[in-house]
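2 protein chains.
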Amino acid sequence: MRWARFDANGTPTYAIVEGETLLPVRGSPLTGQWEKTGEKRALAQAKLLVPNVPPTFYACGMNYPEHVKEVAAKIGQPVNLPSRPEIGYRANNALIAQNETIVIPKDATDKVQYEGELAVIIGKQCKHLTRENALDAVFGYSIGNDVSERTWQKADRTMWRSKNTDTFKPMGPWIETDVTLDDLITKVRLNGKELIAFPTNHMIFGVVDFLVETTKYLTLYPGDMMWMGTEGATADMKHGDVVEIEITGIGTLRNPVVRAG
Amino acid sequence: MRWARFDANGTPTYAIVEGETLLPVRGSPLTGQWEKTGEKRALAQAKLLVPNVPPTFYACGMNYPEHVKEVAAKIGQPVNLPSRPEIGYRANNALIAQNETIVIPKDATDKVQYEGELAVIIGKQCKHLTRENALDAVFGYSIGNDVSERTWQKADRTMWRSKNTDTFKPMGPWIETDVTLDDLITKVRLNGKELIAFPTNHMIFGVVDFLVETTKYLTLYPGDMMWMGTEGATADMKHGDVVEIEITGIGTLRNPVVRAG
Chain A
48 MRWARFDANG
58 TPTYAIVEGE
68 TLLPVRGSPL
78 TGQWEKTGEK
88 RALAQAKLLV
98 PNVPPTFYAC
108 GMNYPEHVKE
118 VAAKIGQPVN
128 LPSRPEIGYR
138 ANNALIAQNE
148 TIVIPKDATD
158 KVQYEGELAV
168 IIGKQCKHLT
178 RENALDAVFG
188 YSIGNDVSER
198 TWQKADRTMW
208 RSKNTDTFKP
218 MGPWIETDVT
228 LDDLITKVRL
238 NGKELIAFPT
248 NHMIFGVVDF
258 LVETTKYLTL
268 YPGDMMWMGT
278 EGATADMKHG
288 DVVEIEITGI
298 GTLRNPVVRA
308 G
Chain B
48 MRWARFDANG
58 TPTYAIVEGE
68 TLLPVRGSPL
78 TGQWEKTGEK
88 RALAQAKLLV
98 PNVPPTFYAC
108 GMNYPEHVKE
118 VAAKIGQPVN
128 LPSRPEIGYR
138 ANNALIAQNE
148 TIVIPKDATD
158 KVQYEGELAV
168 IIGKQCKHLT
178 RENALDAVFG
188 YSIGNDVSER
198 TWQKADRTMW
208 RSKNTDTFKP
218 MGPWIETDVT
228 LDDLITKVRL
238 NGKELIAFPT
248 NHMIFGVVDF
258 LVETTKYLTL
268 YPGDMMWMGT
278 EGATADMKHG
288 DVVEIEITGI
298 GTLRNPVVRA
308 G
């Protein structure tokens with residue numbers, strides 16, 4: 048099942064996506080308490096919202112082997128693959144939805160880059176998950192673009208502006224609940240040109256690894272979200288570009304890019 | 048004005064604190080839309096909740112000179128005072144309220160330490176704040192205990208479990224809106240014994256510095272929260288201890304400590 052969130056005359060509303068149609072509901076799929084309103088809307092005419100605003104926004108860095116090697120080469124350090132799953136954080140202020148604009152601040156360098164990522168949305172309050180039941184805690188999957196200003200990422204002690212500047216976290220277009228992780232391919236296109244394609248699940252530590260390790264110490268709540276990192280090299284995005292992240296079986300997240308004047 | 052949040056038969060409810068009495072309201076002071084219910088409750092009998100659960104939970108590390116020196120000495124590094132305000136993050140899962148128990152996980156070391164901090168709660172959506180208007184964006188001030196497992200803090204790439212293990216972020220007892228920052232003194236007591244007292248506002252970068260710098264890139268929203276760091280050395284807390292953080296003019300945050308069996 049595919050769940051979008053859209054702007055119904057100013058009210059954020061969940062809807063089931065069936066082909067090109069939205070079927071709005073009352074309630075939220077994340078609480079399990081919802082019912083169809085009976086209404087139908089054309090998907091193409093709806094303003095989609097960020098499909099989930101999390102209580103806590105988790106993210107994995109350095110979770111694909113070629114990406115770790117690329118980063119090490121760029122900063123002139125030896126390759127140091129992580130030895131265990133250590134989760135980090137991103138911030139809700141930076142989230143934007145399908146078709147919303149990534150705004151590069153005036154004083155950013157040209158090193159503003161995409162990162163195509165699988166977003167995991169939690170459906171249950173859970174702690175001490177096991178390898179056997181971890182995926183039962185997942186509500187569904189979406190697509191994130193972990194936009195990063197590389198110069199700030201090197202210069203700053205935290206990732207506050209390199210990764211969390213307003214508009215730097217596009218997410219959507221919706222949440223897909225029926226996914227076979229091993230079948231997914233992530234593709235990144237800039238202005239229609241494919242720059243990378245990689246098997247989404249070829250992570251150093253997978254979704255189950257992160258859920259099991261994290262919930263040894265932390266309770267996860269419905270709506271909590273975990274972005275799983277990206278693979279390979281990334282390229283600069285500039286004013287006028289359009290960036291698309293496709294994950295097969297989920298959809299395509301599309302965002303234009305402008306530089307603030 | 049002093050705002051608490053308490054459990055009214057299962058419903059989180061805001062209340063004005065007047066002396067030893069709670070005056071519950073409908074609505075939320077953070078939206079500005081509230082009215083007294085006319086009810087009165089004894090503060091001593093109310094179960095206080097975390098007074099604010101933020102959309103984004105910001106925190107400053109390394110923001111008092113003696114604390115930076117202490118940390119440098121402990122890890123054998125030269126003292127390196129920060130040259131600009133760089134905000135970091137904490138996680139909502141770890142928040143607990145007044146009198147709730149800090150639980151040290153079984154596999155934690157003995158190096159579980161308090162950090163007494165001023166918590167700044169934002170009252171308005173804001174960006175590009177100036178030194179002149181920054182404090183107008185603040186709704187009020189509370190007290191945080193940034194509990195930290197020091198061995199994990201050194202060993203892990205992020206602060207996910209060292210600072211964000213469940214129960215590691217006590218906060219409260221309430222939010223005080225009428226505060227003169229320069230008058231505040233932060234005092235930490237372990238089992239009734241005062242271990243440190245310091246002028247709360249003697250920060251390397253103050254509240255205004257962080258609000259101005261952060262909002263160059265980020266929008267802050269009502270309820271967003273910023274913890275301002277701590278001063279000096281910190282000590283270990285062990286099973287059976289009671290830790291209190293007092294900030295004069297705000298109140299005293301009190302939490303017992305247990306080690307998971």
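So the sequences go chain by chain: A and B.
Letter by letter, the first sequence follows residues 48 to 308 of our numbering.
Letter by letter, the second sequence follows residues 48 to 308 of our numbering.
Note that beta-carbon positions come from the ideal geometry of N, C-alpha and C, so glycine has one too.
For residue i, which option in the options has the closest C-alpha, if you only look at C-alpha atoms?
i        : options                                : result
Thr68/A  : Gly57/A, Pro76/A, Glu86/A              : Glu86/A
Ile190/A : Ile292/A, Ile169/A, Lys285/A, Trp199/A : Ile292/A
Ser75/A  : Ala51/A, Leu95/A, Gly66/A, Ala91/A     : Ala51/A
Val100/A : Pro129/A, Asn139/A, Phe186/A, Leu128/A : Asn139/A
Pro129/A : His286/A, His114/A, Ala141/A, Asn110/A : Asn110/A
Cys107/A : Arg306/A, His286/A, Gly279/A, Phe252/A : Phe252/A
Trp81/A  : Gln92/A, Ala62/A, Ala89/A, Arg88/A     : Ala62/A
Glu278/A : Thr299/A, Val304/A, Ile232/A, Tyr264/A : Ile232/A
Trp221/B : Thr299/B, Met206/B, Leu237/B           : Thr299/B
Thr58/A  : Gln92/A, Ala91/A, Leu96/A              : Leu96/A
Pro102/A : Lys153/A, Gly170/A, Lys121/A, Lys210/A : Gly170/A
Asn56/A  : Lys83/A, Gln92/A, Thr78/A              : Gln92/A
Thr84/B  : Lys94/B, Arg73/B, Leu90/B              : Arg73/B
Phe358/B : Thr281/B, Lys121/B, Glu223/B, Pro98/B  : Since the first residue of chain B shown is 48 and the last is 308, residue 358/B is not available in this structure.
Ala166/B : Gly66/B, Phe186/B, Ala155/B            : Phe186/B
Met218/B : Thr261/B, Thr148/B, Leu237/B, Glu260/B : Thr148/B
Lys94/B  : Thr78/B, Ala119/B, Asp54/B             : Asp54/B
Gln160/B : Phe215/B, Leu176/B, Asn127/B, Pro125/B : Phe215/B
Asp230/B : Asn127/B, His175/B, Ile294/B, Lys174/B : Ile294/B
Trp207/A : Asn238/B, Asp213/B, Leu258/B           : Leu258/B
Tyr264/B : Leu176/B, Asn238/B, Gly287/B           : Leu176/B
Thr262/B : Ala119/B, Lys116/B, Ala184/B           : Ala184/B
Glu260/A : Ile134/A, Leu237/A, Gly287/A           : Ile134/A
Ile143/A : Leu237/A, Ala119/A, Asp213/A           : Asp213/A
Shorter than 8 Å from the beta carbon of residue i to some beta carbon of chain B?
i        : result
Asn140/A : yes
Asn211/A : yes
Thr148/A : no
Quick one: what's got a C-beta closer than 7 Å to residue i's C-beta in the same chain, skipping five residues either side?
i        : result
Arg301/A : Gln145, Asn146, Val289, Glu291
Val255/B : Arg178, Ala181, Leu182
Lys158/B : Glu196, Arg197, Thr198, Asp283
Met250/A : Asn110, Tyr111, Met275, Gly276
Lys104/B : Contrary to the premise, residue 104/B reads as Phe rather than Lys in this sequence. The answer, listed in chain order, is Tyr136, Arg137, Ala138, Asn139, Met272.
Ala307/B : Val150, Ile151, Pro152, Lys153
Asn211/B : Arg137, Ala138, Asn140, Ala141
Asp225/A : Met48
Ser209/B : Ser195, Glu196, Trp199, Gln200, Asp203
Leu77/B  : Gly170, Phe186, Pro269, Gly270
Leaving out five residues on either side along the sequence, give the residues of the same chain with a beta carbon under 8 Å from the beta carbon of residue i.
i        : result
Gln172/B : Thr266, Leu267, Tyr268, Pro269
Buried or exposed for residue i, please, with buried defined as at least 16 other CB atoms from any protein chain shown within 10 angstroms of its CB.
i        : result
Thr60/A  : buried
Pro132/A : buried
Ala202/B : exposed
Asn192/B : buried
Lys121/A : exposed
Gly311/A : Past the edges of chain A, shown from 48 to 308, lies residue 311/A, and the structure says nothing about it.
Glu241/B : exposed
His114/A : buried
Asn125/A : One point to set straight first is that residue 125/A is Pro, not Asn, in the sequence displayed. With fewer than 16 other Cβ atoms within 10 Å, it is exposed.
Thr205/A : buried
What does residue i touch in chain A if you count any residue whose Cβ is under 9 Å from its own?
i        : result
Pro152/B : Lys263, Tyr264
Short of 6 Å in beta carbon distance, which residues of its chain neighbour residue i, apart from the five on each side in sequence? Order them along the chain.
i        : result
Leu228/B : Asn248
Val64/A  : Arg49, Ala51, Trp221
Arg88/A  : Leu69
Pro303/B : Thr148, Val289
Glu223/A : Arg49, Gly187, Tyr188, Ile297
Ile243/B : Val235, Gly279
Pro71/A  : Thr60, Ala62, Thr84, Glu86
His286/B : Val305, Arg306
Ile168/A : Asn99, Phe186, Gly187, Ile222, Met272
Does the beta carbon of residue i come closer than 8 Å to any beta carbon on chain A?
i        : result
Pro296/B : Before going further, note that residue 296/B is Gly rather than Pro in the sequence given. Closer than 8 Å: no.
Asp193/B : no
Tyr268/B : yes
Can you pull the chain A neighbours of residue i, defined as C-beta to C-beta under 7 Å?
i        : result
Glu133/B : Asp203, Arg204, Thr205, Trp207
Just the chain B side, please: which residues come within less than 7 Å of residue i by C-beta, in chain order?
i        : result
Pro102/A : Asn139
Tyr136/A : Tyr136, Ala138
Using 7 Å as the cut-off, classify the Cβ of residue i as near or not near the heavy atoms of the ligand SAM, replying yes or no.
i        : result
Met272/A : With respect to small molecules bound, the structure shown includes none, and the ligand SAM cannot be examined in it.
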